[in-house]
Each structure stands twice: as C-alpha cells, then as structure tokens.
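Asks:
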Amino acid sequence: MTKKAFRPDVDAPEYKGAYVPYDIIKEGAIAVLVVLILTAALALVFSSPDEKAITIKTWSNADTVDFAQTAGDELTGTSAVAGYGAPYNNNGTAQHWGFLAPEHWVGVHIPINTTNDFVINPLSDQPAQPRLTAALNEWKSASSATQSAWGAAYAKVEAKLTYSNGQVHLPTTAAGPIPVLLSYETQMARSGALDQALIAQNGFYTTNYTKPLLFISDGTYFAGLASKQHLAGDQWGMMNETGQYPGQAWLWLYTFWYQISPYNTSASGDFLVWGTMMILTALLVLLPFIPGLRSVPRRLKIYRIIWREHYARQA
Amino acid sequence: MSNAQIERQWTSRLRHRVVEKLPPEKLLPDTQPAYVASWIYVFGVTTMAALGIVILTGTILALDGPQWWHSSSLGHFINSMHLWSVEIFFFAMVVHLWGKFSMAAWRGGRSMTWVTGGVTFLASILAGFTGYVSQTNFDSQWISTQAKDGINATGGGAFFNVLNLGQMLMWHIVLLPLAAVVLTGLHVIMVRVKGVVPPFEETTEVSA
Amino acid sequence: MAQGWGLGALFNLDHYGHYIQWHVIQISVANLVVIILMVATFIAALFAPFPGRRNRKGSK
Ligand code: HEM
C-alpha cells in the first residue's frame, strides 16, 4: 500500500504534544449562566416588538377606498392573487428558469378563486337583503362574457371609486351589479364580518389564515404600512424588524439578491434568488470537499493568531 | 447462553461499537491538547447554551399558548427573552462558524462535523423563520405574505404553506427544534469522537 | 404594552427605525450594530489572551 500524499487542507497532522486540564462541563455551565443573564438583561432593557396584526376590519376602516378597490379586483379577477398561478390557481405563468418550472410542475394545491372565495361566497352567507340578493342573482346568472364586460367597465373607472354613506360609488352605469356588491362587501368588511366569514370557510376550528392574508396582501394599505417600517422586499426588508429592533440579519445574502438585476427585474426573480441561494448554500455546507475554496483558511492565516501559543512553543 | 452467543447479540455488538468509538473519557474528556487555548473555542459551547435558553423560553411560552404573550406582561417578557436568546444563538453560531472556517476544522476526517454544522445552521434559519411567522402580529402577517412568493417559486409552497398558522406553529415548536437538537447532538458527538482539530503544520525549520 | 409587572422596556425601541443607505446597501442601525458587534467579538476572541495557559511547555 502506498502512502497517500499529505493534503494540508484535507488531512490533519498527528498531534504528539501535551494535554492540559480543561473542564468542559464547567465551561458549559458558565456559558449557560452568561447567556441566561445576558438574555434576561436584553429582554428587560429592550423588550420585544409586537405590532398589532391588522384585520380586514381595521384596513377597511382606515382606507375604505383601497379596500373597496381591492375587493373590486378580487371580484373581477384582476388582483395579484387572482392572477397568481400555482399553487393557488391556473391564471398565471409560473416562475421558471429555462425548462425548470417547479411551481408549474406542482400545480394547484391551495385552490383560491378570488371572485367566489373573497366576495361572492361571503356575501351569499349574509342574511338576505333584497338589494344584495338581487345583485348576487344578477352576478351569478350572468355569462362569463357579461361578467368580463362589467369587469372591464369597472376597471376603467376604478381609480375614481368613492365611498360615502355606506355606499361605493362608481361613475359608470356599465358595471352591472359590481357597485352594489362592493357596497355590501365594504359594509361587511367595516363591521368585521368579512374577517369572520373568510376564516369560517374552513369550519368552526381553524388555524389557517391563507385566505384573509392573501386578501389583505392584495391591497396597498398593508404594503404602505410595511414600507414605513422598511420591511418591503426592495428595502432589504427580510432582514428588518418592526421598530428599532435587530431582525433576521442572517438573511442578508438572501435579501441582497432582491436589490440587484436581474433578480429584481425578472418575473421569475424569486426562483432565480432561490436557485442562487441553493447553490451558494451547497458551497458552504460542502466546503471541505471543494478544492480551492477549502484552501482559503490556510492562505488567510487567521489560524496563526488562534494557535499563536502553540507555534511559539514549537519555535 | 454461552459467552460466545452473548457476544454475538446485536445489543452487545452495538455496545462494543459505541464504547470503542466513544469511550467515556472521550465523551467527557478532562484534558484537551495544549493548542486548545483561544477564546474562539468557547463559541460552540455558547451556541449550545443559547440553544438551551431558546428552548427553555420557548417551552415556557408553550405552556400558556399563543395568546399569552400579547396580553400578559409576564408572557411578553418571556417572549422578549425568547427573541433575544435567538439573537444571541445566531450571533454565537456565526462567530463559531468564522472560527471553525479560520481553523479549517474539517481536516483530519472531520468533514462531516462541518457538514452537520452547516445543516444545523440551515435548520436554525428555518426554525427562526417559522418563529417569525408564528408571532401572530403585524410582522408575521407581513413576513408570511412576502415569503410565500419565494417558497411558491420552488414548488414547495404547495406543501409548506407559510400562510397556514397551524402548520407553521407545528414546524416551529415541534419539527424544527427536534431537528436542531438532534443535529446539534450529532455534531457535538462527532467533535468528541474525533477530538479537536490539530493546528496546521508550519513546515519551517523544525520538522519532528 | 407590557406594564404593571415592571417588565416593560427600559428603552422603548417601538419607534420607526433608523436606516443607513449606501448605494444599493440599506441596513437598519440595529442590524448594523449587531453585525459590528459580531465582527468585534470575533476579533476580540482571536486576540484576547486565553487564561491559564502561560508558560506551559509543549514538549512532554
Ligand atoms: C446549533 C449550532 C451549532 C452548535 C450548537 C455547535 C456546537 C459545537 C461545539 C460545542 C463544538 C465543539 C467546541 C468548539 O470547538 O467550539 C463544535 C465544533 C465544531 N463546529 Fe459547531 N456548532 C454549531 C454550528 C456549526 C456550524 C454552522 C458550523 C460550520 C458550518 C460548525 C462547524 C464546526 C466544526 C468544523 C467543529 C469541529 C471543531 C474542531 O474539531 O476543532 N458548527 N460545534
């Protein structure tokens, strides 16, 4: 058997020197004590952030027009979620890179039809009121071509939507039952009933907030609050925390890609960032096996500082 | 049963292997090589200590459930301790990682120690993330609605729905802590089996 | 928020954060402080003398 050549970044020299007393359990106990004291002190001095969650009720009362417009987008199928694609529906193009399109391969697993789930079904569960019932019947019995025509008419005047006396007003007569539906939807939202309706679709017990969260995230009110707190994606938001607290600083590299091209311009930006991070993560985890990279520490020579006493003894 | 039969038992064989690989004096050594003389060595233990406090405070939070930390000032204080111990945990882990990198501590058959460390880092990031989305406050609403896009893009969002609080809370308080603890256990056992990595050889005048 | 037990924050950090912007880089002061402390801790750990290891000769 021939002896393999010694590779300094893979093999370790055999140590024949002295051993000295070292109490690892005492070291551990001191570490626990120090961390415990430090943690309690930091908690006492700085506390922790706990910004109240928003609800559809708080949103629709704080910015009624934004809510009503968003509800209009959900109803007419033009919101971000309505056109998202997998895993929620088939209305969007999946993110991809070349032929790699896992989002598309997986398909719809959490089906969301914004028109019905966010507007029509909650309204249908309301106690019957003649105007609402008539509007719902008009919507439900219309052909999808008619619904689209109403939607197109709505889209034209959406920016001019106003809200007064509990009613949504639109300067058009071509939008069919949309203004009436949005009026009731907005009333429902402002009373808090829509929050309940969206959650109760899962039955009595629920721990799943997918629908109300998606609805809220389609509006501009929510994103506006987040931007003020520097939480938006293009603000390195992933690292940040509400208030003046440190956040998930360890996500710096992940959030960095979102700041630069092509990641922040591509429609498949999320997929590209994930792909990049998976490769970089593999490089980190598999570092000991990567020639070149694994020689960096020997070249950096920081180890000479760490083991300076050892080298001093040798000299 | 004859002695030979006993020796052939799976139980005996496993015991022999364990004791051979990790005798008590290797598991809990009372000495270290003289080169183990730097503060950089304490950050692995500090990371473990912080992980312990994270789990302790998390366990206290679990006792009274998710509403507690919003409404009670004691609950909020424990929540604060949980957050700050997490910050210390990552802080110590990163310094530990830089230290082990500087020493190329994967040398001499220790590559799996590095790999398990790296995987523990990833599991910890996921544990931290699921914790952030389980806060049940504005921050968790925002983080979950943002993060869904990245995870959906990988196809994973269909099975790992960050908007589903029940699912995220389970991952955060059961699956990922379990993974972090088991991985840390493996990591530290590997360190004990192999012993602390010796310094690079400075091949100058004296070669022994 | 957390009052009554005397467990509220001594320093209230619940104001809008301060951010530093430099070209594409944007970071909260809080995160920057954490990162600087991390680097400082690393450097200190490298250079601080480790107790109890004076004058020990390596040779057996
Ligand atoms: C939960 C996270 C972690 C814990 C609790 C932990 C704990 C420890 C402990 C207690 C030691 C032995 C003492 C020491 O040298 O500090 C150690 C050694 C080591 N750690 Fe970690 N570690 C963690 C994460 C990591 C990470 C992220 C890496 C790198 C990717 C890593 C790489 C190593 C290596 C290579 C050694 C062997 C050191 C040697 O032989 O000298 N660890 N770890």
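Residue numbers (numbering that gives the first Met the number 0), protein chains in the order written: chain L, 0 to 314; chain V, 0 to 207; chain W, 0 to 59.
Cβ coordinates follow ideal geometry from the N, Cα and C atoms, glycine included.
(1) Using a threshold of 9 Å, state whether the C-beta atoms of leucine 224 of chain L and phenylalanine 137 of chain V are closer than that.
(2) Locate the alpha helix (DSSP H) running through tyrosine 253 of chain L, then write down its first and last residues.
(3) Looking at the C-beta of valine 196 of chain V, does it have a partner C-beta in chain W at a distance below 9 Å?
(4) If you follow the beta strand (DSSP E) that glutamine 166 of chain L is in, where does it begin and where does it stop?
(5) Closer than 7 Å, Cβ to any Cβ of chain W: which residues of the region 58 to 84 of chain V, in chain order?
(6) Please list, in chain order, the chain L residues whose beta carbon lies closer than 7 Å to that of isoleucine 34 of chain W.
(7) Using the C-alpha atoms, what's the distance from arginine 191 of chain V back to alanine 17 of chain L?
(8) Based on the DSSP secondary-structure assignment, which residues constitute the bridge partners of proline 20 of chain L?
(9) Shorter than 8 Å, the distance from the beta carbon of arginine 312 of chain L to the closest heavy atom of ligand 2, or not?
(10) Compare the C-beta of alanine 39 of chain L against all C-beta atoms of chain V and say whether one is closer than 9 Å.
(11) Any C-beta of chain V within less than 7 Å: which residues of the region 25 to 49 of chain L qualify?
(12) Would valine 23 of chain W and glutamine 258 of chain L qualify as a contact pair, given that the criterion is a beta-carbon distance under 9 Å?
(13) Quick check on valine 196 of chain V: does DSSP put it in helix, strand or coil?
(14) Compute the minimum distance between the beta carbon of histidine 186 of chain V and the heavy atoms of ligand 1, and state whether it is under 8 Å.
(15) For phenylalanine 10 of chain W, would you say it is in contact with chain V, using Cβ-to-Cβ distances shorter than 9 Å as the test?
(16) Against isoleucine 26 of chain W, what residues of chain L qualify as contacts under a CB-to-CB distance less than 9 Å, listed in chain order?
(17) How is the alpha helix (DSSP H) around serine 101 of chain V delimited, first residue to last?
(18) Evaluate contact between the region 126 to 142 of chain L and the region 104 to 113 of chain L, counting only Cβ atoms and requiring at least three cross-stretch pairs below 8 Å.
(19) Using a Cβ-Cβ cutoff of less than 7 Å, which residues in the same chain neighbour glutamine 186 of chain L once the five nearest sequence positions on both sides are dropped?
(20) What does the alpha-carbon distance come out to for the pair glycine 194 of chain V and glycine 274 of chain L?
(21) Is there contact between the region 169 to 182 of chain L and the region 141 to 156 of chain L, where contact requires at least three CB pairs shorter than 8 Å?
(22) So which residues of chain L does alanine 47 of chain W contact, with C-beta pairs closer than 8 Å?
(23) Of all the options L/Gln234, L/Gly84, L/Leu213, which has the alpha carbon lying nearest to the alpha carbon of asparagine 163 of chain V?
(24) Which of the residues in the region 215 to 229 of chain L, read from start to end, lie with their CB under 8 Å from any CB of chain W?
(25) Between the beta-carbon of leucine 55 of chain V and the beta-carbon of valine 180 of chain V, is there less than 9 Å?
(26) Looking at alanine 43 of chain W: is its Cβ nearer than 9 Å to the Cβ of tryptophan 97 of chain V?
(27) From the DSSP output, read off the bridge partner residues of serine 163 of chain L.
(28) Since I believe tryptophan 67 of chain V is in contact with glycine 57 of chain V (beta carbons under 8 Å), could you give me their beta-carbon distance rounded to a whole number of angstroms?
(29) So, is the C-beta of threonine 56 of chain V closer than 9 Å to a C-beta in chain L?
(30) Hey, is glycine 184 of chain V's beta-carbon within less than 9 Å of any beta-carbon in chain L?
(31) So who's on the other strand from tryptophan 96 of chain L, going by DSSP bridges?
(32) Hey, how far is the Cα of tryptophan 141 of chain V from the Cα of glycine 76 of chain L?
(33) When you compare only the Cα positions, how much space is there between tyrosine 14 of chain L and leucine 37 of chain L?
(34) Alpha carbon to alpha carbon, what distance is there between phenylalanine 199 of chain V and proline 48 of chain L?
(35) Could you tell me whether any non-hydrogen atom of ligand 1 is closer than 8 Å to the CB of leucine 371 of chain L?
Replies: According to the data block:
(1) yes
(2) 251 to 256
(3) no
(4) 166 to 168
(5) Ser72, Leu73, His75, Phe76
(6) Ala248
(7) 18 Å
(8) V/Thr30
(9) Ligands displayed in this structure: ligand 1; ligand 2 is not among them.
(10) yes
(11) Glu26, Gly27, Ala30, Val31, Val34, Leu35, Leu37, Thr38, Ala39, Leu41, Ala42, Ser46, Ser47, Pro48, Asp49
(12) yes
(13) coil
(14) yes
(15) no
(16) Trp235, Met238, Asn239, Ala248, Trp251
(17) 72 to 101
(18) no
(19) Gly165
(20) 36 Å
(21) yes
(22) The premise fails here: alanine 47 of chain W is roughly 11 Å from chain L at the closest Cβ pair, so nothing lies under 8 Å.
(23) L/Leu213
(24) Lys227, Gln228, His229
(25) no
(26) no
(27) L/Gln166
(28) Wrong, their Cβ atoms sit about 13 Å apart, outside the cutoff.
(29) yes
(30) no
(31) L/Leu99
(32) 23 Å
(33) 37 Å
(34) 46 Å
(35) Missing from the structure shown is residue 371 of chain L; chain L here goes from 0 to 314 and no further.
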